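*Asks:* One line per chain: the protein sequences are A, B and C, in this order. The UniProt record's numbering puts the first residue of the first sequence at 1, with every later residue one more than the last. The UniProt record's numbering puts the first residue of the second sequence at 1, with every later residue one more than the last. The UniProt record's numbering puts the first residue of the third sequence at 1, with every later residue one more than the last. Positions of the beta carbon are idealized from the N, C-alpha and C atoms, including for glycine. It should be emphasised that the depicted structure is a prediction, and the values quoted were computed from it without experimental measurement.
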Amino acid sequence: MEHDAWPLVLDLAGVFFFAVSGSLMAAQKNFDIVGSLFLGSLTGLGGGVIRDLVLGRFPNAFAEPVYLAPPVAAAVVVFFLLPAVVKLRRTLLLFDAAGLALFCTTGTITALTLGANPISGALLGTTTAIGGGLLRDTVANVRPQLFDRHDIYAVPALLGAGLVAFLWQVGAYTPASGGAVAVVVFALRVLSLRFRWRVPFAAVVAHREGRATPPAD
Amino acid sequence: MEHDAWPLVLDLAGVFFFAVSGSLMAAQKNFDIVGSLFLGSLTGLGGGVIRDLVLGRFPNAFAEPVYLAPPVAAAVVVFFLLPAVVKLRRTLLLFDAAGLALFCTTGTITALTLGANPISGALLGTTTAIGGGLLRDTVANVRPQLFDRHDIYAVPALLGAGLVAFLWQVGAYTPASGGAVAVVVFALRVLSLRFRWRVPFAAVVAHREGRATPPAD
Amino acid sequence: MEHDAWPLVLDLAGVFFFAVSGSLMAAQKNFDIVGSLFLGSLTGLGGGVIRDLVLGRFPNAFAEPVYLAPPVAAAVVVFFLLPAVVKLRRTLLLFDAAGLALFCTTGTITALTLGANPISGALLGTTTAIGGGLLRDTVANVRPQLFDRHDIYAVPALLGAGLVAFLWQVGAYTPASGGAVAVVVFALRVLSLRFRWRVPFAAVVAHREGRATPPAD
Numbered sequence: 001m002e003h004d005a006w007p008l009v010l011d012l013a014g015v016f017f018f019a020v021s022g023s024l025m026a027a028q029k030n031f032d033i034v035g036s037l038f039l040g041s042l043t044g045l046g047g048g049v050i051r052d053l054v055l056g057r058f059p060n061a062f063a064e065p066v067y068l069a070p071p072v073a074a075a076v077v078v079f080f081l082l083p084a085v086v087k088l089r090r091t092l093l094l095f096d097a098a099g100l101a102l103f104c105t106t107g108t109i110t111a112l113t114l115g116a117n118p119i120s121g122a123l124l125g126t127t128t129a130i131g132g133g134l135l136r137d138t139v140a141n142v143r144p145q146l147f148d149r150h151d152i153y154a155v156p157a158l159l160g161a162g163l164v165a166f167l168w169q170v171g172a173y174t175p176a177s178g179g180a181v182a183v184v185v186f187a188l189r190v191l192s193l194r195f196r197w198r199v200p201f202a203a204v205v206a207h208r209e210g211r212a213t214p215p216a217d
Numbered sequence: 001m002e003h004d005a006w007p008l009v010l011d012l013a014g015v016f017f018f019a020v021s022g023s024l025m026a027a028q029k030n031f032d033i034v035g036s037l038f039l040g041s042l043t044g045l046g047g048g049v050i051r052d053l054v055l056g057r058f059p060n061a062f063a064e065p066v067y068l069a070p071p072v073a074a075a076v077v078v079f080f081l082l083p084a085v086v087k088l089r090r091t092l093l094l095f096d097a098a099g100l101a102l103f104c105t106t107g108t109i110t111a112l113t114l115g116a117n118p119i120s121g122a123l124l125g126t127t128t129a130i131g132g133g134l135l136r137d138t139v140a141n142v143r144p145q146l147f148d149r150h151d152i153y154a155v156p157a158l159l160g161a162g163l164v165a166f167l168w169q170v171g172a173y174t175p176a177s178g179g180a181v182a183v184v185v186f187a188l189r190v191l192s193l194r195f196r197w198r199v200p201f202a203a204v205v206a207h208r209e210g211r212a213t214p215p216a217d
Numbered sequence: 001m002e003h004d005a006w007p008l009v010l011d012l013a014g015v016f017f018f019a020v021s022g023s024l025m026a027a028q029k030n031f032d033i034v035g036s037l038f039l040g041s042l043t044g045l046g047g048g049v050i051r052d053l054v055l056g057r058f059p060n061a062f063a064e065p066v067y068l069a070p071p072v073a074a075a076v077v078v079f080f081l082l083p084a085v086v087k088l089r090r091t092l093l094l095f096d097a098a099g100l101a102l103f104c105t106t107g108t109i110t111a112l113t114l115g116a117n118p119i120s121g122a123l124l125g126t127t128t129a130i131g132g133g134l135l136r137d138t139v140a141n142v143r144p145q146l147f148d149r150h151d152i153y154a155v156p157a158l159l160g161a162g163l164v165a166f167l168w169q170v171g172a173y174t175p176a177s178g179g180a181v182a183v184v185v186f187a188l189r190v191l192s193l194r195f196r197w198r199v200p201f202a203a204v205v206a207h208r209e210g211r212a213t214p215p216a217d
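Next comes the structure, spelled out in structure tokens:
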């Protein structure tokens, strides 16, 4: 039973972290508490809904009322507990990184459990991890964090999802090894923010035309 | 037969109202008539398509050609009949409110009829009601009306969807009681616009940092 | 076998053309190579994923790893081979037109093969053709090319999808006739760009209020 409960607990934790990042974005954009709840839900549950639609099952977010608890908790936390948080952007990034780490693990496992092959599983895990944040940024009309060239975002998620699929394929996936992958993904993401690890521009032409200073986004 | 036809008639009316709001947005943004037809279709049919995808059935919008009639009618109405309408924004809001009221009712009933439990049904009804408008605003690159803090938008939809699910659960749902719910939702939405009913900000921090005047969006 | 391979080859070519348009957009917006790969994938595969979700099958983009090759190739091409391309916008439009032409054909055939009626098939083909570009523009936060009033975009796709559905219905669809439709769609789109063919505004009111010069978008 404990073996079955772990994925749910981690999945709900991922929903919460992403939902906080959505509710913080709502605060940044001066949305109201309903906007906070909805943008948090979209961020926390959107990636999983896309994964479940691709897998052809009734999405957890709609089927299991327990999935509504994390976004509600996130909106409450952002509303009541963060009046002193000035650096919203930094906090948002940390919560987003925690969601990314958990979802690339749980998303991949969910897809593999439902019969996806390792490559599809890793892709769906990555989609689960990056889908919610992409929906958040698209709906809130901001430059997608996913495409930001100041740091790496999708690379840790792809790496984590691929690692989980590999562990599953060779029979070495356990909650402990999955948790270790999530820790590595979180660490890579946070270190990339701190040390501004980058990947090259999308095109050499863009680099040549590039401004001396990055856009403020 | 009449008992079966009512939901379809109301659903098509909802598609028409939302499609008009989409075509009016297209007029505001200087899109062409094809943009008007597509943005109207996306607004009128998008929420229902998401609902049907979640429910795992072939979406009405693609399966039943009759669902294409309201967006075509909406584009024609906006093109020919509204040259004198100066206050596009106010008209758009009224049509949007009518679509909201009808869709939170018909969307919930559709989900319940297809076997969703009351909570899933209310969530899917709300998704049907707010999905099209959110797609419209996201694609047209404007601040989502859903998150606007000058009035309430999702609260009436949630309330209406929950009420319909409750009536269904206790066996009291009839076309008449469903219609009454839709009228209440429409009234709540319009009154919230007129009297600028609001819900609190997304965060206390946003409130403290808040500007004296709301953003112009 | 060759008969079966043609749709796949054309579909992969369509993915490549749209993916190049996505990666070029990423270069325009100063995204990094990961952003280039993801925006290219979203543009190249997004329309087909929506089509497959509506049709209720496991989307090709996730099921068949071969569909990942064109976006990778597109990102590499944009990164290495285009340093001298100054007129990114014009090149982007040509690749986009090629993707449009191929997808309105292959998307319609895919839907018809899976049992859709002619009208649903034409709609899903059009959705396949315009979905990826709409996702690209929405995520990249630019005015959707689809709604641009300087040229025609959706009309050739609708025409091509309708023509393919008609040919299928009367038993005259062959790879050759399908290819001819794609060529016509491509020609119509490119000619509309060159000669600035337009369709009317979304509303007469917008026309009267219209600015003397079109917006720069």
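(1) Could you run through the UniProt domain "Glycine transporter" (94-168) of chain A and flag, in chain order, every residue whose CB is less than 7 Å away from some CB of chain B?
(2) Excluding sequence positions up to five away, which residues of its chain have a Cβ less than 8 Å from the Cβ of A:L12?
(3) Quick check: is the beta carbon of B:L53 nearer than 7 Å to any beta carbon in chain C?
(4) By the three-class DSSP mapping on this structure, what secondary structure does residue 222 of chain B have?
(5) Skipping 5 residues on each side, what residues in its chain have a beta carbon closer than 6 Å to that of C:P144?
(6) Is there a C-beta anywhere in chain A that falls below 7 Å from the one on C:V76?
(7) Determine the chain C residues that contact A:G47 at a beta-carbon separation under 7 Å, and present them in chain order.
(8) With three or more beta-carbon pairs closer than 8 Å as the criterion, would you say the region 161-169 of chain B touches the region 25-45 of chain B?
(9) For B:F186, I'd like the list of residues in its chain whose CB is within less than 7 Å of its CB, leaving aside the five on either flank, ordered along the chain.
(10) Classify A:R51 as buried or exposed, calling it buried when 16 or more other Cβ atoms lie within 10 Å of its own Cβ.
(11) Is A:A129 closer than 7 Å to A:A165 when the C-beta atoms are compared?
(12) Taking just the CA atoms, how far does A:L193 sit from C:K29?
(13) To the nearest angstrom, report how far apart C:D151 and C:V199 are at their CA atoms.
(14) Using the beta-carbon count (16 or more within 10 Å), is B:L37 buried or exposed?
(15) In three-state terms, what does DSSP make of B:N60?
(16) How would you list, in chain order, the residues of chain A whose beta-carbon sits under 7 Å from the beta-carbon of B:R198?
(17) Would you kindly report the start and end of the unbroken alpha helix (DSSP H) that includes B:L193?
(18) For a cutoff of 7 Å on Cβ pairs, would you count B:F16 as touching chain A?
(19) I need the straight-line Cα distance from C:F80 to C:A74, nearest angstrom please.
(20) Would B:V20 and B:F103 be called neighbours here (beta carbons separated by less than 7 Å)?
(21) Is the CB-CB distance between A:G178 and A:T105 below 7 Å?
(22) Can you give the Cα-Cα distance for C:L146 and C:Y153, rounded to whole angstroms?
(23) Suppose only complete runs of 4+ residues qualify. What are the alpha helix (DSSP H) ranges in the UniProt domain "Glycine transporter" (94-168) of chain C, listed by chain order?
(24) Name the residues in the region 54-67 of chain C whose C-beta lies less than 9 Å from a C-beta of chain B; which are they?
(25) In the DSSP assignment, the alpha helix (DSSP H) including A:L68 goes from what residue to what residue?
(26) For a contact meaning CB atoms closer than 8 Å, what does A:G44 contact in chain B?
(27) Less than 7 Å between C-beta atoms, sequence neighbours within five positions excluded: which residues of the same chain meet that for C:F31?
(28) Does any residue of chain B have a CB that is nearer than 7 Å to the CB of A:G22?
(29) For A:L124 and C:F62, which I take to be in contact (beta-carbon distance under 8 Å), what is that distance rounded to the nearest angstrom?
(30) At the level of alpha carbons, what is the spacing between A:V142 and B:P175?
(31) Is it right to say A:T113 is buried, meaning 16 or more other beta carbons lie within 10 angstroms of its own, or is it exposed?
(32) From B:W197, B:I119, B:F195 and B:G132, pick the residue whose C-alpha is nearest to that of B:L167; which is it?
(33) Determine, using beta carbons only, whether A:L53 and B:L53 come nearer to each other than 7 Å.
(34) So which of A:G121, A:V139, A:V184 and A:D148 has the shortest CA-CA distance to A:Q169?
*Replies:* Short version:
(1) Residues T138, V139 and N141.
(2) What you label residue 12 of chain A is simply residue 12 of the first sequence in a count that begins at 1. So the list reads V66, Y67, A69 and P70, once near-sequence residues are dropped.
(3) The residue labelled residue 53 of chain B in the question sits at position 53 within the second sequence. For B:L53, the closest Cβ of chain C is nearer than 7 Å.
(4) An answer regarding residue 222 of chain B cannot be provided, because it is not within the stretch 1 to 217 covered by chain B.
(5) Counted from its first residue, the third sequence places residue 144 of chain C at position 144. Closer than 6 Å at Cβ, skipping near neighbours: L134 and D137.
(6) As a first step, residue 76 of chain C is located in the third sequence; it is residue number 76 there, counting from the start. No - not a single Cβ of chain A is within 7 Å of the one on C:V76.
(7) Here residue 47 of chain A refers to the residue found at position 47 when the first sequence is read from its first residue. Those do not exist, as A:G47 stays about 14 Å from chain C at its closest Cβ, beyond 7 Å.
(8) Between the region 161-169 of chain B and the region 25-45 of chain B there are fewer than three C-beta pairs closer than 8 Å, too few to call the two in contact.
(9) In the second sequence, the residue the question calls residue 186 of chain B occupies position 186. Excluding residues within five positions, the ones whose Cβ falls inside 7 Å are A97, A98 and A101.
(10) Mapped onto the first sequence, residue 51 of chain A falls at position 51. Counting Cβ neighbours within 10 Å, A:R51 comes out buried, since at least 16 surround it.
(11) One-based indexing of the first sequence puts residue 165 of chain A at position 165. One-based indexing of the first sequence puts residue 129 of chain A at position 129. Note that the C-beta distance between A:A165 and A:A129 is not below 7 Å.
(12) Taking the third sequence and counting its residues from 1, the one referred to as residue 29 of chain C is at position 29. Taking the first sequence and counting its residues from 1, the one referred to as residue 193 of chain A is at position 193. Cα-Cα distance, rounded: 21 Å.
(13) Within the third sequence, numbered from 1, the residue matching residue 151 of chain C stands at position 151. Within the third sequence, numbered from 1, the residue matching residue 199 of chain C stands at position 199. Taking the straight line joining both Cα atoms gives about 7 Å.
(14) In the second sequence, counting from the first residue as 1, residue 37 of chain B sits at position 37. Buried.
(15) Walking along the second sequence from the start, residue 60 of chain B turns up at place 60. The answer is helix: DSSP assigns B:N60 an H, G or I state.
(16) Locating residue 198 of chain B in the second sequence gives position 198, counting from the first residue. Those are D32, listed as they occur along chain A.
(17) One-based indexing of the second sequence puts residue 193 of chain B at position 193. Segment P175 to R194, the alpha helix (DSSP H) holding B:L193.
(18) Numbered from 1 along the second sequence, position 16 holds the residue referred to as residue 16 of chain B. Answer no: the Cβ-Cβ gap between B:F16 and chain A never drops below 7 Å.
(19) Start at 1 with the first residue of the third sequence, and residue 80 of chain C comes out as number 80. Start at 1 with the first residue of the third sequence, and residue 74 of chain C comes out as number 74. C:A74 has its alpha-carbon roughly 10 Å from the corresponding atom of C:F80.
(20) Counted from its first residue, the second sequence places residue 20 of chain B at position 20. Counted from its first residue, the second sequence places residue 103 of chain B at position 103. Not closer than 7 Å, so no.
(21) As a working mapping, residue 178 of chain A is identified with position 178 in the first sequence. As a working mapping, residue 105 of chain A is identified with position 105 in the first sequence. Yes, they are a contact pair.
(22) Stepping through the third sequence from its first residue, residue 146 of chain C is reached at position 146. Stepping through the third sequence from its first residue, residue 153 of chain C is reached at position 153. C:L146 and C:Y153: Cα-Cα distance of roughly 6 Å.
(23) 118-139
(24) V54, L55 and G56
(25) Locating residue 68 of chain A in the first sequence gives position 68, where the first residue counts as 1. That residue, A:L68, is in no alpha helix (DSSP H); it is neither H nor E in DSSP.
(26) Counting from one through the first sequence, the residue named residue 44 of chain A turns up at place 44. Going along chain B, no residue has its Cβ under 8 Å from A:G44, so there is no contact; the nearest lies around 14 Å.
(27) Against the third sequence, residue 31 of chain C aligns to sequence position 31. These residues qualify, in order along the chain: L39.
(28) Residue mapping note: residue 22 of chain A aligns to position 22 of the first sequence, counting from 1. It does not: the Cβ of A:G22 has no partner Cβ on chain B nearer than 7 Å.
(29) In the first sequence, counting from the first residue as 1, residue 124 of chain A sits at position 124. In the third sequence, counting from the first residue as 1, residue 62 of chain C sits at position 62. Yes, A:L124 and C:F62 are in contact; Cβ-Cβ is about 6 Å, under 8 Å.
(30) Working through the first sequence from its first residue, we reach residue 142 of chain A at position 142. Working through the second sequence from its first residue, we reach residue 175 of chain B at position 175. Their backbone Cα atoms lie some 42 Å apart in a straight line.
(31) Counted from its first residue, the first sequence places residue 113 of chain A at position 113. With fewer than 16 other Cβ atoms within 10 Å, it is exposed.
(32) In the second sequence, counting from the first residue as 1, residue 167 of chain B sits at position 167. For B:L167, the closest of B:W197, B:I119, B:F195 and B:G132 by C-alpha to C-alpha distance is B:I119.
(33) On the first sequence, position 53 is the one that residue 53 of chain A refers to. On the second sequence, position 53 is the one that residue 53 of chain B refers to. Cβ atoms of A:L53 and B:L53: closer than 7 Å.
(34) The count along the first sequence starts at 1 and reaches residue 169 of chain A at position 169. Per the Cα distances, A:G121.
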